[in-house]
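Worksheet: one structure, shown below.
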Amino acid sequence: MPPIRAVLFDWGDTLFASPDAAHAIVEAADERGVHVTYADARALWDEIWAAGKTPQELARGRDLSPDLHRAAWTSLFERAHRLAPGLAPELYRRVMSQERWVPYSDTEPTLRALRARGVKVGVVSNVPRELVTIFEGRGLGGLVDAFTHSYEVGAEKPDPRIFLAACEKLAVPPDLALMVGDHAVADGGAVAAGLRFLHLDGEVPVGGQRGLTAVLAVVDASRSGG
Numbered sequence: 012m013p014p015i016r017a018v019l020f021d022w023g024d025t026l027f028a029s030p031d032a033a034h035a036i037v038e039a040a041d042e043r044g045v046h047v048t049y050a051d052a053r054a055l056w057d058e059i060w061a062a063g064k065t066p067q068e069l070a071r072g073r074d075l076s077p078d079l080h081r082a083a084w085t086s087l088f089e090r091a092h093r094l095a096p097g098l099a100p101e102l103y104r105r106v107m108s109q110e111r112w113v114p115y116s117d118t119e120p121t122l123r124a125l126r127a128r129g130v131k132v133g134v135v136s137n138v139p140r141e142l143v144t145i146f147e148g149r150g151l152g153g154l155v156d157a158f159t160h161s162y163e164v165g166a167e168k169p170d171p172r173i174f175l176a177a178c179e180k181l182a183v184p185p186d187l188a189l190m191v192g193d194h195a196v197a198d199g200g201a202v203a204a205g206l207r208f209l210h211l212d213g214e215v216p217v218g219g220q221r222g223l224t225a226v227l228a229v230v231d232a233s234r235s236g237g
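With the working numbering, the residue at position 135 of the sequence shown is 146, and numbering never jumps.
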């Protein structure tokens, strides 16, 4: 395989971790005078998150505009009403607001290591708003060469068009690019566009390491012919 010249990253659950949603459920319910255990909140959130990643939900076009995003996720959050009525809009604000997401501890070192290797970096995300300011606000400004958002392209992952648009922004052919993401279906759609794909499975809490050193290993192996 030819050497990798560009790495495209998914954003959520790949470079940035979401707030502790279970804690947000407990906190929001408590403000409404309803006691919810952390274990029950965790089980509820796991159910909501799994439902949000099904092919049916991904096909709703929720990341093509802010209104569609809010409507789709608020509908999913209505499952929380069985614990405390009226939680859905508040959970959307506390959990889905991009400003509340936090980079993993190995995000910045990995992005800097790729730049040191002369590898272009892109972010490809199903998201209803731009992410540049989110990166700048976390001290990561200038570490990403190009952002490709679903709402700009008019196509969501796993549609090959969004990956091809990202490669075009970086001026790198698809066969010289690697897509990195946590979702085998959505992010794995890069394969149909001719890119290589690295799947980062599992969940990592805020402040943890996502395992992004694997990206450097793949890049280095491509350069050494390994």
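Just so it is clear, CB atoms sit at the ideal spot from N, CA and C, and this is done for glycine as well.
Discussion item. Taking its Cβ as the centre, do 16 or more other Cβ atoms sit within 10 Å of G129, making it buried, or is it exposed?
Written reply: The residue you call residue 129 lines up with position 118 of the sequence shown. Exposed is the call here.
Worksheet entry | C-alpha gap between R105 and D156, whole angstroms | As a position in the sequence shown, residue 105 is number 94, starting the count at 1. As a position in the sequence shown, residue 156 is number 145, starting the count at 1. Cα-Cα distance, rounded: 29 Å.
Discussion item. Out of A204, A201, G222, which one is the CA nearest neighbour of L211?
Written reply: Along the sequence shown, one-based indexing puts residue 211 at 200. Checking every option, the nearest Cα to that of L211 belongs to G222.
Item to complete: Pull up the distance between the alpha-carbon of G72 and that of A62, whole angstroms please.
Response: Taking the sequence shown and counting its residues from 1, one reaches residue 72 at position 61. Taking the sequence shown and counting its residues from 1, one reaches residue 62 at position 51. Whole-angstrom Cα-Cα distance: 15 Å.
Fill in: Secondary structure, alpha helix (DSSP H): runs of 4+ residues fully inside the stretch 142-175
Runs of the alpha helix (DSSP H) inside the stretch 142-175: 143-148, 161-164.
Item to complete: Tell me M190's beta-bridge partners as DSSP assigns them.
Response: Taking the sequence shown and counting its residues from 1, the one referred to as residue 190 is at position 179. For M190, which the question treats as bridged, DSSP gives the partners L19, F208.
Discussion item. With H, G and I counted as helix, E and B as strand and the rest as coil, what does DSSP make of P114?
Written reply: For the purposes of this step, residue 114 is taken as the residue at position 103 of the sequence shown. Residue state, collapsed to three classes: strand.
Discussion item. If you reduce the DSSP assignment to three classes, tell me which class V106 lands in.
Written reply: Residue 106 sits at position 95 when you count from the first residue of the sequence shown. Three-state DSSP puts V106 in a helix.
Fill in: Assigned exposure category for E167 - 16 Cβ within 10 Å defines buried
Taking the first residue of the sequence shown as position 1, residue 167 is located at position 156. Its Cβ being crowded by 16 or more others within 10 Å, E167 is buried.
Discussion item. Just list the residues that DSSP pairs S136 with in beta bridges.
Written reply: Within the sequence shown, residue 136 is the residue found at index 125, counting from 1. S136 pairs with H160.
Fill in: Distance between A83 and E147 (C-alpha atoms, nearest Å)
The count along the sequence shown starts at 1 and reaches residue 147 at position 136. The count along the sequence shown starts at 1 and reaches residue 83 at position 72. Distance between the alpha carbons of E147 and A83 is about 28 Å.
Item to complete: Would you kindly work out how many angstroms separate the C-alpha atoms of V191 and L87, rounded to a whole number?
Response: Against the sequence shown, residue 191 aligns to sequence position 180. Against the sequence shown, residue 87 aligns to sequence position 76. Rounded to whole angstroms, V191 to L87 spans 26 Å at the Cα level.
Discussion item. Taking only three categories from DSSP, how would you classify A91?
Written reply: Taking the sequence shown and counting its residues from 1, one reaches residue 91 at position 80. Reduced to three states, the DSSP call for A91 is helix.
Fill in: DSSP state of K64 mapped onto helix, strand, coil
Numbered from its first residue, the sequence shown carries residue 64 at position 53. Three-state DSSP puts K64 in coil, outside helix and strand.
Fill in: Neighbourhood of K75 by C-beta distance below 8 Å, restricted to the same chain and skipping five residues each side
Residue mapping note: residue 75 aligns to position 64 of the sequence shown, counting from 1. Checking the displayed sequence, the identity of residue 75 turns out to be Leu instead of Lys. Excluding residues within five positions, the ones whose Cβ falls inside 8 Å are P139, S161, Y162, G165, E167.
Worksheet item: Taking the C-alpha atoms as reference points, what is the distance between A176 and T159?
Response: Here residue 176 refers to the residue found at position 165 when the sequence shown is read from its first residue. Here residue 159 refers to the residue found at position 148 when the sequence shown is read from its first residue. C-alpha separation (whole angstroms): 7 Å.
Discussion item. Give me, in chain order, the residues of the same chain whose beta-carbon lies closer than 8 Å to that of Q151; leave out the 5 immediate sequence neighbours on both sides.
Written reply: On the sequence shown, residue 151 is found 140 positions in, with the first residue counted as 1. Here the sequence assigns Leu to residue 151, which means Gln is not the residue at that position. Excluding positions up to five away in sequence, the list reads P114, T118, E119, L122.
Worksheet item: To the nearest whole angstrom, what separates the beta carbons of L206 and A188, a pair I think is in contact under 8 Å?
Response: To locate residue 206, count along the sequence shown from 1; it is residue 195. To locate residue 188, count along the sequence shown from 1; it is residue 177. Right, their Cβ atoms sit about 5 Å apart.
Practice prompt. Count the other C-beta atoms from every protein chain shown that fall within 10 angstroms of the C-beta of S136, then say buried if there are 16 or more, exposed otherwise.
Written response: For the purposes of this step, residue 136 is taken as residue 125 along the sequence shown, with counting starting at 1. Buried.
Worksheet entry | Own chain partners of L55 with C-beta closer than 7 Å, once the 5 adjacent residues on each side are dropped | In the sequence shown, residue 55 corresponds to position 44, counting from 1. If we look at L55 and ignore the five residues flanking it on each side, its Cβ neighbours are I36, R90, A91, L94.
Worksheet item: Measuring CA to CA, which of V202, P216, V45 is closest to L98?
Response: The residue labelled residue 98 in the question sits at position 87 within the sequence shown. Considering only alpha carbons, the answer is V45.
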